[in-house]
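For the numbering used here, add 710 to where a residue sits in the sequence shown, where the first one is 1.
Remarks on the structure that follows.
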Amino acid sequence: MNKYPLSLVVQIYWSENGELVCISTEESFFILKYRQEAVDQAKNDKELVTEDGIEEAFDVSTDCFAALSIGIKTHTNL
């Protein structure tokens with residue numbers, strides 16, 4: 711059985727540095743780490759690209775099977 715059941719994606723948030731992405735559904739959310747080096751490798755080796763995309767492009771950093779109810783967007787100028 712798949713650990714990550716298919717759900718309708720509600721929102722996608724990228725970190726400002728482009729390294730992390732949060733994908734939220736109605737029942738859960740996931741924090742993924744983007745692996746640019748895997749994408750670069752797949753550009754040179756087309757066998758790494760499947761019908762689902764580049765399998766190694768993201769690593770699951772956090773998964774939480776609870777609904778998000780409030781999101782706060784903050785921005786700081788350094």
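Positions of the beta carbon are idealized from the N, C-alpha and C atoms, including for glycine.
Note that the structure is a prediction, hence the values are computed from the model and not measured.
| Check | Outcome |
| --- | --- |
| Spell out the partners DSSP gives LYS756 in its beta bridges. | None; LYS756 has no bridge partner. |
| Does ASP762 come out as helix, strand or coil in the three-state DSSP assignment? | coil |
| For the beta strand (DSSP E) holding PHE740, just list the boundary residues, first then last. | 739-744 |
| If you drop the 5 nearest sequence neighbours on each side, which residues of the same chain put their C-beta closer than 7 angstroms to that of GLU761? | none |
| Are the beta-carbon atoms belonging to SER771 and ILE741 less than 8 angstroms from one another? | yes |
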